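Asks: If you read the sequences in order, they're chains Y and H.
Following this note's numbering, the numbering of the first sequence begins with 226 at its first residue and continues without gaps.
Following this note's numbering, the numbering of the second sequence begins with 2 at its first residue and continues without gaps.
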Amino acid sequence: MGALSYMLFKPKRNIANIKPEYAISASQLLTEFTKDEPAANAKYLSTAYGKVIQVSGILAEKTEVGDTTLTLSLRETTDMKEGGIHCSMEKIEIPKGRLLKVGDSISVKGECTGYIDITNEVLMVKCLVVRNH
Amino acid sequence: MKTTIITLFILLGMNNIATAQEKLITKTGHVWFYSHAALEDIEAHTRQAAAIIDTEKGSIAVAIPIMSFEFKKTLMQEHFNENYMESAKYPKASFKGSINNLSEINTKKNGIYKTTVEGDLTIHNITRRIKADGTVEVKDGKYLIKSKFKVELKDYNIAVESRFTKNIASTIEINIDLNF
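(1) Starting from His37(H), trace the beta strand (DSSP E) both ways and give me its first and last residue.
(2) With distances taken from CA atoms, which of Ile240(Y), His311(Y), Ala273(Y) and Lys235(Y) is nearest Ile283(Y)?
(3) Name the residues in the segment 55-76 of chain H whose C-beta lies less than 7 Å from a C-beta of chain Y; which are they?
(4) Can you give me, in chain order, the residues of the segment 262-286 of chain Y that have a beta carbon less than 8 Å from any beta carbon in chain H?
(5) Measuring only the C-alpha atoms, how far is Ala64(H) from Asn242(Y)?
(6) At least one CB of chain H closer than 9 Å to the CB of Lys306(Y): is that the case?
(7) Where does the unbroken beta strand (DSSP E) through Phe150(H) begin, and where does it stop?
(8) With three or more beta-carbon pairs closer than 8 Å as the criterion, would you say the segment 68-77 of chain H touches the segment 106-125 of chain H?
(9) Let's test the definition: count the other Cβ atoms within 10 Å of the Cβ of Gln253(Y) and tell me whether it reaches 16, buried, or not, exposed.
(10) Name the two residues that bound the continuous beta strand (DSSP E) containing Ile212(Y).
(11) Select from Trp33(H), Ile127(H), Ser163(H) and Ile146(H) the residue whose C-alpha is nearest the C-alpha of Arg108(H).
(12) According to DSSP, which residues form a beta bridge with Ile127(H)?
(13) Express the C-alpha separation of Asn168(H) and His31(H) in angstroms, rounding to a whole number.
(14) Buried or exposed, going by whether 16 or more other CB atoms sit within 10 Å of the CB of Ser330(Y)?
(15) Listing by chain order, which chain Y residues have their CB less than 8 Å from the CB of Glu83(H)?
(16) Helix or strand or just coil, what does DSSP make of Leu348(Y)?
(17) From this set, Gly308(Y), Lys321(Y), Thr302(Y) and Lys276(Y), which residue's C-alpha is nearest Leu295(Y)'s C-alpha?
(18) Given a cut-off of 9 Å, decide if Val347(Y) and Ser281(Y) are closer than it, judged by their beta-carbon atoms.
(19) Inspect the CB distances between the segment 54-70 of chain H and the segment 83-96 of chain H and report whether three or more fall short of 8 Å.
(20) Measure how close the beta-carbons of Lys149(H) and Glu174(H) come, nearest whole angstrom, since I'm counting them as under 8 Å.
(21) With a 10 Å radius around its C-beta and 16 neighbouring C-beta atoms as the bar for buried, classify Ile317(Y) as buried or exposed.
(22) What's the C-alpha gap between Phe165(H) and Asn345(Y)?
(23) Can you pull the chain H neighbours of Asp292(Y), defined as C-beta to C-beta under 9 Å?
(24) Going along the chain, which residues of its own chain have a beta-carbon closer than 7 Å to the beta-carbon of Asp55(H), five neighbours each way excluded?
(25) Any C-beta of chain H sitting closer than 9 Å to the C-beta of Asp329(Y)?
(26) Could you check where the alpha helix (DSSP H) with Met77(H) kicks off and where it finishes?
(27) Expressed to the nearest angstrom, what Euclidean distance is found between the alpha-carbon atoms of His80(H) and Ile26(H)?
(28) What residues match up with Ser359(Y) in a beta bridge as DSSP calls it?
(29) Quick one: measure Cβ to Cβ for Ala251(Y) and Arg300(Y), integer angstroms, because I've assumed they're closer than 8 Å.
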């Protein structure tokens, strides 16, 4: 029976319908992870998923790889060359993401997946652009 | 950065990766794994792997956020994070090591070069020394580094309940594609 339950269908989480648990600026979020990573992990990751959060900042970098991957880097200013929030866009959101310009002030909603020290970035997946100021 | 590398080659008249003395960085590495078991095949993908290569030293550091792996079945993804990887506690897998013959790769000549990587692989907070075969593909000044290797779940202290042993393999195949 246990193995059977493994096969059962459970719908995918639709980020658009989930209210963010935290709304925070890109610089505040990065500071929380760089100051105390275990505490930030405990706050932003639940056991099964990264929590849905909404992050605001300046679009500092846009990277497209193939036609399935678009990432946006949110920072406090475009002068900052590294660090920040690395947002992997949801596939259906890529056309909308392409229209954004570096320097735009935006908010992005998605699941937090933790912090990567070698690039000094907090990561998010399944991202949607929720506000283009 | 590509322009810088090319400029350096022109200035120095050299054409292997190691003489460029550059750091290559990617943040959109593709990592995926397969489990082939009696009852089902499982695969999951992430495109959030980060990697830095120090071309002078031939060293490589890779970091993979575990919670960014996507499965076809939602419930599997939940079990993966909650029961097997304990992702909230150990959110990253990492590899620190070296690419063995980086200096022999001609960056001006498109082609696929065989290589080996060796180093410390950390999964689920357990670190083990591994060695894996890989390739470096040079294409018009860009690099694609690929590697494929197998890990035993028990080596990383990942226990599968007996009722799932026909669903989840004890040996998992891991694939890594890093584009620079």
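Note that the Cβ used here is the ideal one computed from N, Cα and C, for glycine as well.
Keep in mind the model is a prediction, meaning the values are calculated, not measured.
Replies: To lay it out plainly:
(1) Lys24 to His37
(2) His311(Y)
(3) Ala62, Ala64, Pro66, Met68, Ser69, Thr75 and Leu76
(4) Within the segment 262-286 of chain Y, the qualifying residues are Asn266, Ala267, Leu270, Ser271, Thr272, Ala273, Tyr274 and Gly275.
(5) 30 Å
(6) no
(7) Lys143 to Glu153
(8) In this structure the segment 68-77 of chain H does not touch the segment 106-125 of chain H; the number of beta carbon pairs closer than 8 Å is below three.
(9) exposed
(10) Limits of chain Y in this structure are 226 at one end and 358 at the other, which puts residue 212(Y) out of reach.
(11) For the sequence presented, residue 108(H) should be read as Thr rather than Arg. Of the candidates Trp33(H), Ile127(H), Ser163(H) and Ile146(H), the residue whose Cα lies closest to the Cα of Thr108(H) is Ile146(H).
(12) Ile124(H)
(13) 24 Å
(14) exposed
(15) Thr272 and Ala273, listed in chain order.
(16) strand
(17) Lys321(Y)
(18) no
(19) Yes, since at least three Cβ pairs between the segment 54-70 of chain H and the segment 83-96 of chain H fall closer than 8 Å, the two stretches touch.
(20) 7 Å
(21) exposed
(22) 37 Å
(23) Within chain H, no residue comes near Asp292(Y); the closest Cβ sits about 12 Å away, beyond 9 Å.
(24) Lys24
(25) no
(26) Thr75 to His80
(27) 32 Å
(28) Outside the modelled stretch of chain Y, which goes from 226 to 358, sits residue 359(Y), for which no answer is possible.
(29) 6 Å
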